[in-house]
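A.B. asks: According to our numbering, the sequence shown is numbered sequentially starting from 323. Note that the Cβ used here is the ideal one computed from N, Cα and C, for glycine as well. Here the structure is a predicted model, which means the values were calculated and not measured.
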Amino acid sequence: MTIQEFQRCIEELYYDRDQQRGIDRTFIWFVEEVGELAREIKDSRDPQRLKEEIADVFAWLSTIASLLRIDLEDAASIYATGCPKCQQTPCTC
Ligand SMILES: [Zn+2]
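(1) Can you list the residues near ligand 1, meaning Cβ strictly closer than 6 Å to any non-hydrogen atom, in the order they appear in the chain?
(2) Using a Cβ distance threshold of 8 Å, determine whether the region 343-353 contacts the region 376-392, with at least three qualifying pairs required.
(3) With K373 as the anchor, note down where its alpha helix (DSSP H) starts and where it stops.
(4) I'd like the list of long-range same chain contacts for W382, defined as Cβ closer than 7 Å, with 5 residues on each side in sequence excluded.
(5) Would you mind sorting Q409 into buried or exposed? The rule is 16 or more other CB atoms within 10 Å of its CB.
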């Protein structure tokens, strides 16, 4: 699955509901999911739970991008040719 396919998948699953909720409240949901990932890293580190929390954060980030009409794969491509600031791989900033 490409990042673009993932974004379309999340849109098909949730976009209507996310659009009704709006960007401000959706962003709060995203931050809550980041908090759940933080808790999992801090408290448990169960590999399956970490995987699920990473997926949730990525899905909510994808939704944020969709609501802002940003192509997530295009945005990620900023890193395809090295560090966006110094253009080096690995980064030398
Ligand atoms: Zn750099």
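C.D. replies: If we stick to the structure as given:
(1) C405, K407, C408, Q410, C413, T414 and C415
(2) yes
(3) P369 to L389
(4) W351, F352 and E355
(5) exposed
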